[in-house]
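Residue numbers for the sequence shown follow our numbering, beginning at 76 and rising by one. The C-beta atom is built at its ideal place from N, Cα and C for all residues, glycine as well. Computed from a predicted model, the values in this text were never measured in an experiment.
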Amino acid sequence: MTLTTKPVVHLLGMGAMGTILAMDMMNYTNSKVIPLLRSEEKVSLFKSEYNNTIGVKKLYLNDAPLVTQQLCIVECPTTFSGNHIDNIIITTKTYQTKEALMPYLPFIDSKSNLILIQNGLGILEVLKEQIFTDKTDRPNIFQGVISHGAFMDQGFTFNHAGWAGMKIARLPWEDSEMIQNEKLKNKDSKTNELVMLLTEPELAKAFGIEHMTYQELLAGQLFKFLINCCINPVTATVDAVNGELVDGCKDLFVLIVQEALEILRLEYKTLFDYENEYNGKPNYPTLKISSVLNTDNMMETIVNIGTVVNAKNSSSMRQDTLYLRDTEIDYINGYIVSLARKLNLPKEAAKVNETVIAFVNLRTGINRRRDMVGDMRNI
Numbered sequence: 076m077t078l079t080t081k082p083v084v085h086l087l088g089m090g091a092m093g094t095i096l097a098m099d100m101m102n103y104t105n106s107k108v109i110p111l112l113r114s115e116e117k118v119s120l121f122k123s124e125y126n127n128t129i130g131v132k133k134l135y136l137n138d139a140p141l142v143t144q145q146l147c148i149v150e151c152p153t154t155f156s157g158n159h160i161d162n163i164i165i166t167t168k169t170y171q172t173k174e175a176l177m178p179y180l181p182f183i184d185s186k187s188n189l190i191l192i193q194n195g196l197g198i199l200e201v202l203k204e205q206i207f208t209d210k211t212d213r214p215n216i217f218q219g220v221i222s223h224g225a226f227m228d229q230g231f232t233f234n235h236a237g238w239a240g241m242k243i244a245r246l247p248w249e250d251s252e253m254i255q256n257e258k259l260k261n262k263d264s265k266t267n268e269l270v271m272l273l274t275e276p277e278l279a280k281a282f283g284i285e286h287m288t289y290q291e292l293l294a295g296q297l298f299k300f301l302i303n304c305c306i307n308p309v310t311a312t313v314d315a316v317n318g319e320l321v322d323g324c325k326d327l328f329v330l331i332v333q334e335a336l337e338i339l340r341l342e343y344k345t346l347f348d349y350e351n352e353y354n355g356k357p358n359y360p361t362l363k364i365s366s367v368l369n370t371d372n373m374m375e376t377i378v379n380i381g382t383v384v385n386a387k388n389s390s391s392m393r394q395d396t397l398y399l400r401d402t403e404i405d406y407i408n409g410y411i412v413s414l415a416r417k418l419n420l421p422k423e424a425a426k427v428n429e430t431v432i433a434f435v436n437l438r439t440g441i442n443r444r445r446d447m448v449g450d451m452r453n454i
């Protein structure tokens, strides 16, 4: 299969990650990117105040200029063309996914390709149980695990603060399909339009996109998830950019990671047993699980990627608290707490992550109160 002359890709979520990906797709591929905004008011604002233009500045490159791109078509639920959705990238907040996707369900079917590029875990269960309930008409679904650091400058201009790549893989609709062989991955590489587009050489090099089996991605997803469990809530709670945590974060991060790993090992036993069960078998990738997903390695990695490589980044959760938005805490540290309940573990099994959640919610509440009644520190 070869790509169509100009593949159409709908983009649901024009935040930091959606924008930096859209920018590179427009710069390095022949695709037509169509943002799906929340309302006609947002579409009108994007057109009148920003001339349908997005901007990205790559802070990790010295003296990099602001790069802009103008989008030809911008839509929302009430103005949507009604055409079949061939490819859709979802970069909304996890808790916004269901509501944001619902208006477009009539245009998505088993021939559609959908990729989730989000923080957190647990959204696949929502898609299976609440959105795509008809097993015969579910789209091809993929996951993107993104490690880039980016945050809003103003309007639709974003700072790309740290470059760290993105991994993509087909998601299994059924738990029994968790372990994939290389044949399925290779088939998608040759026949799936969205995978072929995202792995076009120039884009893949510029954005660091790597296509892999689900178990490879899941290992990377848990790796990134543990980073998010530390960086996101702590930067939000103490109101700091990532690099400010570098000297004093380790003790707290150890507590978060140790507890999370104990619970993840139970929920994802198939993955944690993978080395013994599948390493060395034909058509299955060789994975390092125990040497990567352990507390010592994760601590070294989290401090390096989170506070050194992305030192200038302001985490998405900190941005949410600063702009008085709801956070994704329920899909990050909250996912660990929900797993502990699902697995019928003792109440204290997730006490560290429960405490982290409480602090994030406290920070959100304080910021909202200050916005309403003023900052008592100034009295």
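Range covered by the beta strand (DSSP E) that runs through residue i
i           : result
residue 226 : 224-229
residue 162 : 162-165
residue 232 : 232-237
residue 218 : 215-221
residue 415 : No beta strand (DSSP E) holds residue 415; the alpha helix (DSSP H) holding it covers 408-417.
Close Cβ partners of residue i (< 6 Å) along its chain, the five nearest in sequence each way excluded
i           : result
residue 85  : 109, 111, 160 and 163
residue 295 : 220 and 242
residue 381 : 302, 306 and 317
residue 224 : 236, 237, 385 and 388
residue 239 : 222 and 223
residue 439 : 396
residue 168 : 403
Assigned exposure category for residue i - 16 Cβ within 10 Å defines buried
i           : result
residue 266 : exposed
residue 444 : exposed
residue 452 : exposed
residue 357 : exposed
residue 416 : exposed
residue 148 : exposed
residue 276 : exposed
residue 208 : exposed
residue 399 : exposed
For residue i, the nearest candidate out of the options (CA to CA)
i           : options               : result
residue 244 : 281, 145 and 262      : 262
residue 343 : 309, 291 and 223      : 291
residue 113 : 172, 130 and 92       : 172
residue 237 : 129, 412, 387 and 264 : 387
residue 325 : 119, 82 and 379       : 379
residue 134 : 448, 233 and 196      : 233
residue 106 : 181, 89, 374 and 80   : 80
residue 188 : 293, 147, 270 and 252 : 270
residue 120 : 311, 144, 92 and 150  : 150
residue 131 : 124, 142 and 123      : 142
residue 124 : 139, 454 and 145      : 145
residue 367 : 299, 268 and 407      : 299
Own chain partners of residue i with C-beta closer than 8 Å, once the 5 adjacent residues on each side are dropped
i           : result
residue 246 : 191, 199, 216, 217, 218 and 289
residue 253 : 247, 289, 290, 293, 345 and 346
Whole-number beta carbon distance between residue j and residue i, since they are thought to touch under 8 Å
i           : j           : result
residue 287 : residue 258 : About 13 Å; that fails the 8 Å criterion.
residue 333 : residue 370 : 5 Å
residue 339 : residue 297 : 6 Å
residue 96  : residue 282 : 7 Å
residue 431 : residue 331 : 6 Å
residue 403 : residue 256 : No, residue 403 and residue 256 are not in contact; Cβ-Cβ is about 33 Å, not under 8 Å.
residue 393 : residue 446 : Not really, about 16 Å apart at Cβ, beyond 8 Å.
residue 488 : residue 129 : The first residue shown for the chain is 76 and the last is 454, placing residue 488 beyond what the model contains.
Element boundaries [alpha helix (DSSP H), containing residue i]
i           : result
residue 146 : Premise fails: residue 146 is in no alpha helix (DSSP H) and is neither H nor E.
residue 440 : 426-448
residue 197 : Unbroken run through residue 197: none, as it is neither H nor E.
residue 309 : 289-313
residue 100 : 91-103
residue 266 : 257-266
residue 153 : Unbroken run through residue 153: none, as it is neither H nor E.
residue 117 : 115-125
residue 83  : It is not in any alpha helix (DSSP H) - residue 83 instead sits in the beta strand (DSSP E) that spans 83-87.
residue 400 : It is not in any alpha helix (DSSP H) - residue 400 carries neither H nor E in the DSSP assignment.
Sequence-distant residues of its chain with Cβ nearer than 7 Å to residue i (five each side left out)
i           : result
residue 383 : 321
residue 278 : 99, 100, 103, 104 and 284
residue 153 : 115
residue 353 : 254 and 359
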